[in-house]
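Residue numbers (UniProt numbering), protein chains in the order written: chain A, 1 to 229; chain B, 1 to 229. Working notes for the structure below.
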DNA sequence: GACGGGGTCATCCGAACGGTTGACCCCACC
DNA sequence: GGTGGGGTCAACCGTTCGGATGACCCCGTC
């Protein structure tokens with residue numbers, strides 16, 4: 001699963017890529033041109049890394065992953081409009097059968113983001129607040145298929161393992177999405193072709209799971225924890 | 001006002017700083033170490049710019065502004081916990097009497113952020129999605145006291161000038177803040193030492209100004225437009 | 001085939017909300 | 001010394017919400 005199978009493209013080397021080995025081929029994916037330029041400047045001077053491409057959208061990232069077949073995609077989760085980083089990660093790992101490793105580099109360390117990224121097949125999850133040296137290490141680890149997590153991310157993963165949170169179902173997310181638009185129960189019911197009773201049932205469960213007891217509170221938590229796209 | 005008065009520290013040169021002149025002394029302020037490292041790598045190789053310091057918090061930014069007296073502070077608005085970029089900007093421009101120019105470099109182009117930053121005395125407002133070359137230009141402009149705005153930011157400023165939005169009062173923001181915690185009218189009243197009637201009056205006006213008609217909608221808009229800290 | 005999770009719906013009821021109208025106060029500004 | 005914006009409060013009324021309970025269906029799994 002996490003061992004890369006060699007492709008038409010040269011796969012990552014053996015378990016321990018020596019610093020003198022072929023550099024890690026890297027594609028940057030971030031919707032902020034300034035950040036990309038900064039990363040390119042930072043990593044361009046680093047040993048053992050070669051930035052072979054940049055993407056400013058999820059669609060472009062997916063395209064570049066197949067076109068360039070890099071060792072690692074450095075992926076921001078928040079990519080403006082369109083496909084987000086999680087979806088891009090999902091497609092890239094699927095398309096490449098795991099040959100292209102996605103290393104998430106983002107600002108957010110919320111449970112929802114972390115869980116979704118890992119489920120989508122991300123090899124690692126770093127925060128932009130991480131020390132830059134760690135970034136280098138993580139890139140090489142990712143190229144070899146090894147996982148690296150920023151400390152706060154690791155803590156959250158562990159905490160979640162210990163006390164598994166319920167997690168909203170798809171339908172509950174639908175309801176929550178409509179709620180966040182400010183709709184009444186009746187309007188939510190109309191929008192989703194449900195009876196008002198069903199909406200209220202779902203809302204009750206959402207309140208339970210989010211630990212709130214009002215709709216305003218639910219919206220606040222949803223926005224805070226980025227449960228909605 | 002926007003002409004820098006020479007200090008004990010050598011002020012910015014005449015209106016047109018030639019590329020051969022003394023480099024612009026710059027301090028980076030961003031809570032993400034990776035982003036700072038990227039910017040430093042990017043700007044370190046650029047002509048006419050010298051990165052003389054880095055801050056990862058508002059407090060540190062304020063301290064460095066007086067200690068180093070740079071020409072320009074490159075300021076992110078979102079600085080994690082503690083003082084945010086707007087407050088740091090306010091203090092820096094006040095402390096230095098405008099000698100230190102703050103150039104905001106951030107992700108967000110919401111009305112609330114832009115307005116607050118400009119009111120706080122920012123010299124320019126760039127988005128991280130901006131082309132990196134523009135960043136260089138803007139830094140030199142800021143050093144000379146000239147304003148640079150990213151295109152989307154400029155559009156918003158113009159739009160606001162044409163149709164001035166009401167804008168929430170302080171009290172209304174108080175109410176909205178409590179609402180975003182999921183409190184009921186009664187609880188909001190208790191929290192702010194008001195009668196429930198007053199809370200309802202304020203809420204009605206908030207709904208009007210935000211263009212919503214439910215509390216959930218108000219919270220959604222508030223979070224979306226980053227009206228709350 | 002039993003079981004459980006997810007989804008759907010109904011009914012009931014007290015509490016909370018949203019909208020409206022009208023009123024008073026204070027203070028800055030003209 | 002009026003004028004207006006911001007803040008505060010009251011009373012009323014129809015609507016909506018929140019919570020609880022019970023029920024049915026579908027589907028994948030054990």
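Glycine is no exception: its CB is placed at the ideal position from the N, C-alpha and C atoms.
Quiz item: Counting contacts by CB-CB distance shorter than 7 Å, is residue 153(A) in contact with chain B?
Solution: Chain B, which has no Cβ nearer than 7 Å to the Cβ of residue 153(A), makes this no.
Practice problem: Tell me residue 25(B)'s beta-bridge partners as DSSP assigns them. | Solution: Answer is 50(B), bridged to residue 25(B).
Quiz item: Where does residue 125(B) fall in DSSP's three states?
Solution: Strand at residue 125(B).
Quiz prompt | Rounded distance between the beta-carbons of residue 171(B) and residue 140(B), thought under 8 Å | solution = Contact between residue 140(B) and residue 171(B) fails: their C-beta atoms lie close to 42 Å from each other, not under 8 Å.
Practice problem: Enumerate, from N- to C-terminal direction, the unbroken alpha helix (DSSP H) stretches of 4 or more residues contained entirely within the stretch 59-101 of chain A. | Solution: Complete alpha helix (DSSP H) runs here, min 4: 85-95.
Practice problem: For residue 107(B), go through chain A and note every residue whose CB falls closer than 7 Å to its CB, in chain order. | Solution: Residues of chain A passing the Cβ test: 32.
Quiz prompt | Close beta carbons around residue 177(A), own chain, < 6 Å, minus the five adjacent residues each side | solution = The residues are 228.
Practice problem: Note down, in chain order, each residue of its chain lying with its Cβ closer than 7 Å to the Cβ of residue 191(B), except the 5 sequence neighbours on either side. | Solution: These residues qualify, in order along the chain: 178, 183.
Quiz prompt | When 193(B), 94(B), 50(B) are compared against residue 66(B), the one with the closest alpha-carbon | solution = Comparing alpha-carbon positions, the option among 193(B), 94(B), 50(B) lying closest to residue 66(B) turns out to be 94(B).
Quiz item: Does the count of Cβ pairs from the stretch 70-83 of chain B and the stretch 91-107 of chain B closer than 8 Å reach three?
Solution: These segments touch.
Practice problem: Check residue 106(B) in the structure and name its three-state DSSP category. | Solution: Three-state result, residue 106(B): strand.
Quiz item: Out of curiosity, what's the CA-to-CA distance linking residue 163(B) and residue 104(B)?
Solution: If you take the alpha carbons of residue 163(B) and residue 104(B), they lie about 24 Å apart.
Quiz item: Is residue 32(B) buried or exposed, if buried means 16 or more other CB atoms sit within 10 Å of its CB?
Solution: Its Cβ being crowded by 16 or more others within 10 Å, residue 32(B) is buried.
Self-check item: Span of the alpha helix (DSSP H) around residue 155(B)
Solution: Looking at the DSSP string, the run of the alpha helix (DSSP H) that includes residue 155(B) is 151-162.
Exercise. Report the residue from 90(A), 144(A), 76(A), 107(A) whose alpha carbon sits nearest the alpha carbon of residue 21(A).
Key: If we check each option's Cα against that of residue 21(A), 144(A) comes out closest.
Practice problem: State yes or no: is the C-beta of residue 44(B) within less than 7 Å of the C-beta of residue 23(B)? | Solution: In this structure, residue 23(B) does not lie closer than 7 Å to residue 44(B) by Cβ.
Quiz prompt | Status (buried if at least 16 other CB within 10 Å, exposed otherwise) for residue 224(A) | solution = That one is exposed.
Self-check item: 7 Å Cβ cutoff met for residue 138(B) and residue 123(B)
Solution: No; because the gap between Cβ atoms is not below 7 Å, this pair is not in contact.
Quiz item: Are any of the Cβ atoms in chain B nearer than 7 Å to that of residue 214(A)?
Solution: Cβ-Cβ to chain B under 7 Å: yes for residue 214(A).
Quiz item: Does the beta-carbon distance from residue 106(A) to residue 84(A) come in below 7 Å?
Solution: No, the Cβ-Cβ distance between residue 106(A) and residue 84(A) is not below 7 Å.
Quiz item: Looking at C-alpha atoms only, which residue of 110(B), 35(B), 195(B), 218(B) is the closest neighbour of residue 205(B)?
Solution: Answer by Cα proximity: 218(B).
Quiz item: Just the Cα atoms here: how many angstroms apart are residue 208(B) and residue 194(B)?
Solution: Using only the alpha carbons, I get a separation of about 21 Å.
Quiz item: Should residue 133(B) go down as buried or exposed, given a rule of 16 or more other Cβ atoms within 10 Å for buried?
Solution: Residue 133(B) is exposed by the Cβ-count criterion.
Quiz item: Which of the three DSSP states, helix, strand or coil, is assigned to residue 18(A)?
Solution: Reliability of the predicted coordinates at residue 18(A) is poor, the pLDDT of 48 falling under 50, and no value is obtained from them.
Practice problem: Verify the CB distance criterion: does residue 15(B) have a CB-CB separation below 7 Å to chain A? | Solution: Because residue 15(B) sits at a pLDDT of 44, beneath the cut-off of 50, its placement in the model cannot be relied upon, and the following sentence gives the value as read from the coordinates. No, residue 15(B) does not count as interfacial toward chain A.
Quiz item: Taking DSSP as the reference, what is the three-state secondary structure of residue 143(A)?
Solution: If DSSP states are grouped into helix, strand and coil, residue 143(A) belongs with the helices.
Exercise. For residue 172(B), go through chain A and note every residue whose CB falls closer than 9 Å to its CB, in chain order.
Key: Going along chain A, no residue has its Cβ under 9 Å from residue 172(B), so there is no contact; the nearest lies around 15 Å.
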